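Chains as they are written, first to last, in the numbering used here: chain A, 60 to 659; chain B, 6 to 327; chain C, 312 to 616.
Note that beta-carbon positions come from the ideal geometry of N, C-alpha and C, so glycine has one too.
In this text, all values refer to a predicted model and were calculated from it rather than measured experimentally.
Take a look at the structure below.
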Amino acid sequence: MKAIGGFFVAAVLAAAIVALPGGSTASGQEGGKNVLTIGMLQGIDSMNPVRGVTVAAYEAWNMVYPTLTDKAAKDFGVIPGLATKWEGSDDGKTWTYTLRPGMKWSDGQPLTAEDVAYTINRSRDEEWLNHSATTGNLTATATSPTEVVIKTKVPDPKLPTMDVYIVPKHIYEQYDAKALTKWNGQTDVAGGTYQLAEFKKGQFARFTANPNFWGGKPSVDEVVIRKFNNADAMVAALKRGEVDFVQAVPEGQYLNLQKDPDFVTLQGRQGGFDEFAINMGDGLKKPHPALLDPKVREAIAHAIDKKTIVDRVLRGLGEPAEAVSPSANPDWIPDIPEDQRFDFDLEKSKQILEDAGYKDTDGDGIREMPGGGQPLNFRYAVRSESDPSPRIAEFITGWLKEIGIDTTLKTYDDGQLTEVIGKGDYDLFVWGWTPFVDPDPMLSYFTCGQVSSDPDDPSNYYNDANLCDPEYDKLYKQQATELDPSKRRDIVHEMLTRFYSHAGYLPLYYQGDLQAYRKDRFTGWQKQPADIGPVLFSNSSPSYQTLKLASATTGGASGGGDDGGGGGTGIIIALVAVGVVGAGGLLWARSRRASADERE
Amino acid sequence: MSPRYVIGKLGGSLATLLFVVVFNFFLFRIVATDPVANLFRGRNLTESQRDELVHEFGLDGSLLHQFWAYVQQTASLNLGRSYSTNETVVSEILDAAPATIWLVGVSTILSAVIGVALGIAAGWRRRSKTDYAATTFTMTTYSMPDFWLGMLLLSLFAVTLGWFPVGGLQDPTSTATGPALWADQAYHMFLPALTLTLAYLGEYTLVMRSSLLDTMREDFLVLARAKGLRDVVVRNRHAVPNALLPVVTLAAINFGFVLSGAIAVEAIFSWPGLGLATYDAINGPDLPMLQGLFLVFSASVIVFNLLADLLYAWLDPRVREA
Amino acid sequence: MSAVAAPSAKRIAWLRRRRAAAAAWSDFRHDRAGMIGLVILILFVAMALAAPLIVPESELRAINALDNPVWASPSEFSPMGTDSLGRSVWAQFVWGARISLLVGLAATVMAMLIGTVVGVAAGFYGGRVGGVLMRITEWFLVIPFLPLAIALAAVLGPSLTNIIFVIGITSWPSTARLVRAQVLTLKERLYVDRSRALGASDAHLMGRHIMPNISGLILANTTLTVPIAILSETTLSFLGLGDPTSTSWGKMLEDSFQQGALTEQAWWYYVPPGLGVLFVVLAFTLVGHALEGILDPRLRNAPTE
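Right, here's the structure in full:
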């Protein structure tokens, strides 16, 4: 016993000594480098802008890829990027951009109009997911290393804004069309503020400042985007100083951080919204037959109390929505007239269903198809990667039950759900979008051409309403070439009002990205758009160009120093306590042994 | 330990492993509704690529043909690709394995050592306060869900007191290598290891205790005491070594089992091992990963059971001649 | 001449059994740990059965909790506070007990039935049949429980019946092994051979001689299997494989983890269900050990500890 006990205590103390140096977890400064650590719950699905779709991925591309023109933090206005000036022809169909001279990619290769033309032309030819909405009608020619001429087939109201990611020709030309869609996009060649240094899928991605960035090397040496599996862990990491900035903070933690003077909290609004979507049946598979009846969908729309969802699930951090928001600029959202809105009214829902013949004929509380056929039981897909998703489901399924509709819940991760929607193997789900600045991409997602149509490639689509409305498509084409801003706005309003009336795609709320960051680490955070926007994960993330170390950091080596030190001290205390208890136990045991034995 | 004994045991283990492979096939290929779609989900393939792969995986043949193809693939360690990451299952498992091996290895050793010590204290002083305290303590830890214990420790020591990190393997912002990196990892491993240690030491205590009690009835101890040897000596030189035998084999077996049992605990602590990989694979579900992980877990248990059997035979003179 | 007719063989047997039961109960009563366990069990079972009387089921629905504060501590909202949607934790605890206990018991019954049948068949018939059955049993013992359960549940889908099935199908082996060993011992007993010599059928032997003598063992073993089943259900529900529409203690732990109870420091959401599991499992273990001491024929003849 003595031997074992002694060995044990010694081992424990040895571990303590070894563990000590690991106690410091200061970020902010690491051996002379300053590092911005970003925590998020989503991972970067792909560094390849031809393939990826997540918010995290967009942020990474914002860092790594340059754009021809940039966007002002204030109001998304077009400002110089790779190009310093531009000129349009009289008919608006030809634009000439002048690039800065002598630009280089991070690997030293020249960054010229060649790369710009290559990107635009290839993305158009191969229909790159994140580019072709912009470049689909464009042809680019590099007339000199610093001049590129862009011609558009039809009048394009988006020009001269040219914010597609310009890719390095000398890297991308190594991949043919097929190989490019399979490539993981991990290269350290960059033209933006940062270049990729390390990528561990599902864990973190590390970026180092690009010394060749056209705007000058950024002040922050490194940016790390770190994925957390659990919001608790992420916020605790922020408090401990392991990360400097977090986004997508769940409501509860956000409200706590709001009260804490060491942190800045903000709701970064960029037109993002979450919607409740019904399978409208124009895709690969039809939904439950009842859902093809607009009356049933209307009844469902009247059974959702958006205000309660905002109050209870979002803890008030959002705004109930009606129409789809196609842009970070709220002017593009139409005002749905009162008499066309689907207000929360359970009695009305029940009435609509009764009148349409969906009655509960067998008294089990669930309605059946007219004539007493199939019961109304819908497949509801829940997102495992979304914090509010299961809670919203709790409410919606509750209300549906009240009006006599049953649901079967199934949980998917985002990759699986994308495919399930593409295949049409669902009836209901809740998901969300963050639109761009120009409404065109978001509007294009609901056109007939974007409905999933290839059973062998079911994830290749954007239209997750599975709805094809030719009238909508017609209006879409109109707005795409309407150069008069107010006329264009009217067309968009009309499209979205019509889309709303189908009662199949119901935005629940507009929500900002709940962000928080430490006050003591960095300054130079820029909101985009001004006042209401987010400071990171915004449209063009201008903060990376202006962030720098906050001047007065508490004690050199760590803003998180006290946490780190606390960690080390913590271990010592804990292990000494264990050692004391262990030693005490030993002594006690020995004294008992010395006394008269108690044998069997 | 005769060669025949070893070969017998080896053969038995191999047969069991084969059984697992067959079971895996039936579970995931047959019970899952559409094997073709299931295997190729999440991959963008052209018509010809698809046909090629269907042929490669043997899905265009009869059931028997499919099964044979599956056995060949498994033997060549081709376990398919993960639905969510698109990396091969084998590479994902190899990435995640070290973290779990470290965590479970350290926990097994600690729980064995502490459990044995407690078991000795309890068994030697049967019916004493020590015995009751130890038995009560171990019964309590054994009766609670291990991940719940992890939640309690996490909330107390990491969230409330801030003494330990709330999860992960290491601080990703640090570029430390060597001992500093190991120290950081050890720091992150402290709470999950503590959880597993506390959860599993009960078994060792109880086994050691009853094993000691059994041994204490043996004749040779009576002889030793009659000879007038001091209690401590009797215990340490004679009783304990014999009683340790079942504990050693228990530790070996346990290592195999806990490898697969740490799933919930790894999830709580975001510990990037096989358990967390399983937890992530459940949502989806990522069937190739689950299938591969099941195979790996079963194989590890089989292997360690075999090792335990051989170890037992080698250590216990009574079994050697069997 | 005698006023009372001689009692029949059946009545004698019944009287004997009653006396044995009374003796067993008396033994049990003296086992303090077993009694404590029994009391705890009765309390929890009563709570589970009386759930509708204690707290209306509607309190589990979020749409009915709109007036409650969210994340309220027990002092703000008695008796156990609320979760992130304002639902009463106490309601979840009481109704959760139902599912946890139900799944535990149902899965155990299933495991016990399969285990007994397999064990009796393996022990009684021996030879090739017995050998094959024991191979299957050993195989199940070697396969790690959790991955097997996860694999089955992932393929079958999360639902109440599937969970019971999964746990039942993975828990029977230890019972089978125990039963087989006991049956083998019984086979050696003389009266079995005598009965056979007299021409008794297999069914008669099993029904009259084997079953009654192993029923005590089975009862004790069953009581000790319930804790495993309950812990399994808790773990599987925590991992998201439980029935998504009903509440159980494991689901409460899953919810608390997913909703961020740890950062909210809302201990009232994850401590009670864990304690519930702890007490119920402990109770079953104590009762089971006490029963083992009384009913297990092997222990009855062993030197007293």
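Quiz item: Name the DSSP bridge partner or partners of A:GLN574?
Solution: Counting from 1 along the first sequence, the entry for residue 574 of chain A is found at position 515. BP columns for A:GLN574 point to A:LEU325.
Quiz item: What's the gap between the Cα of A:TRP242 and the Cα of A:ASN107?
Solution: Counting from 1 along the first sequence, the entry for residue 242 of chain A is found at position 183. Counting from 1 along the first sequence, the entry for residue 107 of chain A is found at position 48. Spanning the two alpha carbons is a distance of roughly 7 angstroms.
Quiz item: Are the CB atoms of A:ASP473 and A:GLU444 nearer to each other than 9 angstroms?
Solution: Here residue 473 of chain A corresponds to residue number 414 of the first sequence, with the count starting at 1. Here residue 444 of chain A corresponds to residue number 385 of the first sequence, with the count starting at 1. Contact: yes.
Self-check item: Same chain, Cβ closer than 6 angstroms to C:MET421, neighbours up to 5 away in sequence not counted
Solution: Within the third sequence, residue 421 of chain C is the residue found at index 110, counting from 1. For C:MET421, where only same-chain residues beyond five positions count, the Cβ hits under 6 angstroms are GLY479.
Exercise. Determine the DSSP secondary structure at B:ASN29, reduced to helix, strand or coil.
Key: Here residue 29 of chain B is taken as the residue at index 24 of the second sequence, counted from 1. In the structure shown, B:ASN29 sits in a helix (DSSP, three-state: H, G or I).
Quiz item: Under a three-way DSSP split, which group does C:GLY442 fall into?
Solution: If you number the third sequence from 1, residue 442 of chain C lands on position 131. Here C:GLY442 sits in helix by DSSP.
Practice problem: Enumerate in chain order the residues of its own chain whose CB-to-CB distance from C:LEU396 is below 7 angstroms, with the five nearest sequence positions on each side excluded. | Solution: Mapped onto the third sequence, residue 396 of chain C falls at position 85. So the list reads ALA373, ALA376 and VAL381, once near-sequence residues are dropped.
Quiz item: If contact means a Cβ-Cβ distance below 8 angstroms, which residues of the region 535-558 of chain C contact chain A?
Solution: GLY551, PRO555 and THR556
Quiz item: Residue ranges of each alpha helix (DSSP H) run of no fewer than 4 residues wholly in the region 477-556 of chain A, ordered along the chain?
Solution: 499-503 and 529-540
Exercise. Output the residue ranges of the alpha helix (DSSP H) runs that lie fully inside the region 401-452 of chain A and measure 4 residues or longer, sorted by chain position.
Key: 405-414
Quiz item: Taking Cβ positions, are B:GLY207 and B:GLY261 nearer each other than 9 angstroms?
Solution: Here residue 207 of chain B refers to the residue found at position 202 when the second sequence is read from its first residue. Here residue 261 of chain B refers to the residue found at position 256 when the second sequence is read from its first residue. No, Cβ-Cβ distance for B:GLY207 and B:GLY261 is not below 9 angstroms.
Exercise. Count the other C-beta atoms from every protein chain shown that fall within 10 angstroms of the C-beta of C:GLY438, then say buried if there are 16 or more, exposed otherwise.
Key: Against the third sequence, residue 438 of chain C aligns to sequence position 127. Per the 10 Å Cβ criterion, exposed.
Self-check item: Straight-line Cα distance separating A:ALA307 from A:LEU100
Solution: For this step, residue 100 of chain A is matched to residue 41 along the first sequence. For this step, residue 307 of chain A is matched to residue 248 along the first sequence. Cα-Cα distance, rounded: 7 angstroms.
Practice problem: For A:ALA295, go through chain C and note every residue whose CB falls closer than 9 angstroms to its CB, in chain order. | Solution: Stepping through the first sequence from its first residue, residue 295 of chain A is reached at position 236. Chain C residues near A:ALA295: LEU573 and THR574.
Exercise. Closer than 7 angstroms by beta-carbon distance: list the chain F residues that pair up with C:ILE374, in chain order.
Key: The question asks about chain F, but that chain is absent: this structure's protein chains are A, B and C.
Quiz item: Can you tell me where the alpha helix (DSSP H) with A:SER203 in it begins and where it stops?
Solution: Locating residue 203 of chain A in the first sequence gives position 144, where the first residue counts as 1. Note, A:SER203: premise wrong, no alpha helix (DSSP H); beta strand (DSSP E) at 197-203.
Quiz item: Where are the alpha helix (DSSP H) runs, 4 residues long or more, that stay fully inside the region 120-188 of chain A, in chain order?
Solution: 172-185
Self-check item: Chain-ordered chain C contacts of B:ILE268 [CB-CB under 9 angstroms]
Solution: As a position in the second sequence, residue 268 of chain B is number 263, starting the count at 1. Within chain C, the residues near B:ILE268 are LEU457, PRO458, ILE461, THR546 and LEU550.
Practice problem: Please confirm whether C:ALA540 and C:THR419 have their CB atoms less than 9 angstroms apart. | Solution: Here residue 540 of chain C corresponds to residue number 229 of the third sequence, with the count starting at 1. Here residue 419 of chain C corresponds to residue number 108 of the third sequence, with the count starting at 1. Yes; because the gap between Cβ atoms is below 9 angstroms, this pair is in contact.
Practice problem: Could you list the residues in the region 370-394 of chain C with a C-beta less than 9 angstroms from some C-beta on chain A, going in chain order? | Solution: ARG372, ALA373, ILE374, ASN375, ALA376, LEU377, VAL381 and TRP382
Practice problem: Establish whether the CB of C:GLY587 and some CB of chain A are separated by less than 9 angstroms. | Solution: Counted from its first residue, the third sequence places residue 587 of chain C at position 276. Not one chain A Cβ lies under 9 angstroms of C:GLY587.
Self-check item: Which listed residue (A:ILE392, A:GLY244, A:LYS418 and A:ASP222) has its alpha carbon closest to that of A:LEU232
Solution: On the first sequence, position 173 is the one that residue 232 of chain A refers to. The question names Leu, but residue 232 of chain A in the sequence shown is Glu. Closest option to A:GLU232, Cα to Cα, is A:GLY244.
Quiz item: How would you call A:SER86, buried or exposed, if buried means at least 16 neighbouring beta carbons within 10 angstroms?
Solution: As a working mapping, residue 86 of chain A is identified with position 27 in the first sequence. Because A:SER86 carries a pLDDT of 44, less than 50, the predicted location of this residue cannot be relied on, and no value is offered for it.
Quiz item: Nearest to A:LEU526 by CA position, among A:SER518, A:GLN537, A:THR506 and A:GLN538, is which residue?
Solution: Here residue 526 of chain A is taken as the residue at index 467 of the first sequence, counted from 1. Of the candidates A:SER518, A:GLN537, A:THR506 and A:GLN538, the one whose C-alpha sits nearest the C-alpha of A:LEU526 is A:THR506.
Self-check item: Which residues DSSP lists as bridging A:ASP465, in chain order
Solution: For the purposes of this step, residue 465 of chain A is identified with residue 406 of the first sequence, where counting begins at 1. DSSP output for A:ASP465 lists A:ASN436 as bridge partner(s).
Quiz item: What are the boundary residues of the alpha helix (DSSP H) that C:THR533 is part of?
Solution: Counting from 1 along the third sequence, the entry for residue 533 of chain C is found at position 222. Segment 522-549, the alpha helix (DSSP H) holding C:THR533.
Quiz item: Quick one, which residues of the region 392-419 of chain C are near chain A if we go by CB-CB under 8 angstroms, in chain order?
Solution: SER395, LEU396 and GLY397
Quiz item: In three-state DSSP terms, what is C:TYR436?
Solution: To locate residue 436 of chain C, count along the third sequence from 1; it is residue 125. Helix, per DSSP.
Quiz item: Are the beta-carbon atoms belonging to C:VAL490 and C:VAL431 less than 9 angstroms from one another?
Solution: Mapped onto the third sequence, residue 490 of chain C falls at position 179. Mapped onto the third sequence, residue 431 of chain C falls at position 120. Going by C-beta atoms, C:VAL490 is nearer than 9 angstroms to C:VAL431.
Quiz item: Hey, is the region 562-571 of chain A in contact with the region 308-318 of chain A, meaning 3+ C-beta pairs nearer than 8 angstroms?
Solution: no
Quiz item: For B:VAL301, which three-state DSSP category applies?
Solution: Here residue 301 of chain B corresponds to residue number 296 of the second sequence, with the count starting at 1. In this structure, B:VAL301 counts as helix in the three-state DSSP scheme.
Quiz item: Where DSSP assigns a beta bridge to A:TYR471, which residues make up the other side?
Solution: Here residue 471 of chain A corresponds to residue number 412 of the first sequence, with the count starting at 1. Partner(s): A:ARG442.
Quiz item: Which chain A residues are close to C:GLN269, counting only those with a beta carbon under 7 angstroms from its beta carbon?
Solution: This structure cannot speak to residue 269 of chain C, because chain C is shown only from 312 to 616.
Quiz item: Quick one: which chain C residues come within Cβ less than 7 angstroms of A:GLY311?
Solution: As a position in the first sequence, residue 311 of chain A is number 252, starting the count at 1. Result: TRP382, SER395, GLY571 and GLU575.
Quiz prompt | Contact with chain A by B:SER275, beta-carbon distance below 9 angstroms | solution = One-based indexing of the second sequence puts residue 275 of chain B at position 270. So, interface residue.
Quiz prompt | Nonlocal neighbours in the same chain, by C-beta distance under 7 angstroms from B:LEU199, ignoring five residues either side | solution = Against the second sequence, residue 199 of chain B aligns to sequence position 194. Closer than 7 angstroms at Cβ, skipping near neighbours: LEU158.
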